[in-house]
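For reference, the structure discussed in these notes is given below.
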Amino acid sequence: MEYLQNSGSGLDTSTESQQDQPLGAIRIRRYARRCMGILTVVGARPQFVKAAAVSAAFNAAGWAHESIVHTGQHYDEAMSGSFFAELGIAPPDHNLEVGSGGHGAQTGLMMQRLEPLVTDEQPDCMLVYGDTNSTLAAALVAAKLGVRLAHVEAGLRSFDRSMPEEVNRVLTDHVSDLLFCPSQEAVRNLAAEGVTRGVHVVGDVMHDVLRRELATLGSHNPVAASVGCADGGYVVATIHRPGNTDVPERFEQIVAAFASLAADGCPVIWPAHPRTAALV
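The opening position of the sequence shown corresponds to residue 34 in this note's numbering, with each subsequent residue numbered one higher.
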């Protein structure tokens, strides 16, 4: 499981199937081995899920000291607190309590509060996930302070610069020292932008967590049962992108589609994002 194949360029050129590859989190742990003091920055729900796999791998290794910073981008219990407990992640060592806000104000406040913390802790490496404002803020602080930066889910592209996430992920990749890609396609995206050093294919860490949770839950979903839905007889949906929520006609069409599915006997479980819930 610990075996890795690397070319001289630093790229993982393995053609193994996802099933045959070592777990993504284990591969990240191995590549990051030189970084003994790791400062992980998270702030949004998907990042908590990804961190569950990688943090568990660090803990199992025994050689890495990881300190977790929660920016507070997602700040209520349903969006953050419960995730740490449910996924078995230790509570964050630091909470920046930034909260919501415009992109510039939110990202700037994250940087302002994160910089002195990084200066004080002096980590060997900072670790970020995905493409949120928390990701970009941490990446810029690392670059400005000369701290090595590792990016999980590097190389993913929508090729739509109107999406804030696309801007965040592109900028983060270009200041990262270790780029952990989920696929060969992500590697090709980076190569097209001239990024080839420090690039490694590690697989999808979300897949790691999915396999672990499925083994725990089996075929029974207690959340579905709590709202009266039979196993295998429902759809889970979420709406939170501005392109879907901020255009009334589009939002109404999506909700109407949910209602149509339910009327046809397929209930929809809708875990509403706070900004979406405010529109209903």
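We treat Cβ as the ideally placed atom computed from N, Cα and C, and that holds for glycine. As the structure is a prediction and not an experimental result, all values here were calculated from the model.
Exposure of residue i, with buried meaning 16 or more beta-carbon neighbours within 10 Å
i    : result
D264 : exposed
V203 : buried
Q80  : buried
R274 : exposed
G105 : buried
F192 : exposed
R230 : exposed
L160 : buried
M144 : buried
H98  : exposed
L72  : buried
P307 : exposed
H136 : exposed
A138 : exposed
V234 : buried
I101 : buried
P215 : buried
V280 : exposed
S4   : Residue 4 lies beyond the residue range present for the chain, which begins at 34 and ends at 313; the question has no answer from this structure.
T249 : exposed
R194 : exposed
Residue i (DSSP reduced to helix, strand or coil)
i    : result
A289 : helix
F314 : Residue numbering for the chain in the displayed model covers 34 to 313; residue 314 lies beyond these limits and cannot be assessed.
I61  : helix
A183 : strand
P132 : Looking at the sequence itself, residue 132 is Gly, so the reference to Pro does not match. G132 falls in the coil class under three-state DSSP.
V82  : helix
V74  : strand
Q54  : In this predicted model, Q54 has a pLDDT of only 45, less than 50, meaning its place in the structure is not dependable; the value taken from the coordinates is given anyway. If DSSP states are grouped into helix, strand and coil, Q54 belongs with coil.
L173 : helix
V313 : coil
V87  : helix
F117 : helix
L44  : Residue placement at L44 is flagged as unreliable, the pLDDT there being 40, under the threshold of 50; the coordinate-derived value follows with that caveat. L44 falls in the coil class under three-state DSSP.
Rounded Cβ spacing between residue i and residue j (contact assumed at less than 8 Å)
i    : j    : result
T140 : A176 : Wrong, their Cβ atoms sit about 14 Å apart, outside the cutoff.
G236 : R60  : 7 Å
G188 : L212 : 7 Å
V242 : V82  : 5 Å
V256 : C299 : With a Cβ gap of about 17 Å, V256 and C299 do not count as contacting.
V151 : V185 : In fact, because the Cβ distance is near 18 Å, the residues do not count as touching under 8 Å.
H128 : T168 : It should be noted that the sequence gives Asn, not His, for residue 128. At roughly 17 Å, the Cβ-Cβ gap does not stay under 8 Å, so N128 and T168 are not in contact.
Span of the beta strand (DSSP E), counted from its first residue to its last, around residue i
i    : result
S100 : H98 to H103
Y162 : C158 to Y162
Boundaries (first-last residue) of the alpha helix (DSSP H) holding residue i
i    : result
L142 : H136 to E154
V256 : P255 to S259
P124 : Segment: none, P124 is in no alpha helix (DSSP H) and carries neither H nor E.
G276 : P275 to T278
Residue i: CB within 7 Å of a non-hydrogen atom of the ligand FMN
i   : result
N92 : Among the components of this structure there are no ligands whatsoever, and the ligand FMN is therefore not found.
Ordered list of beta strand (DSSP E) runs contained in the region 198 to 243, each at least 3 residues: 211 to 214 and 232 to 234
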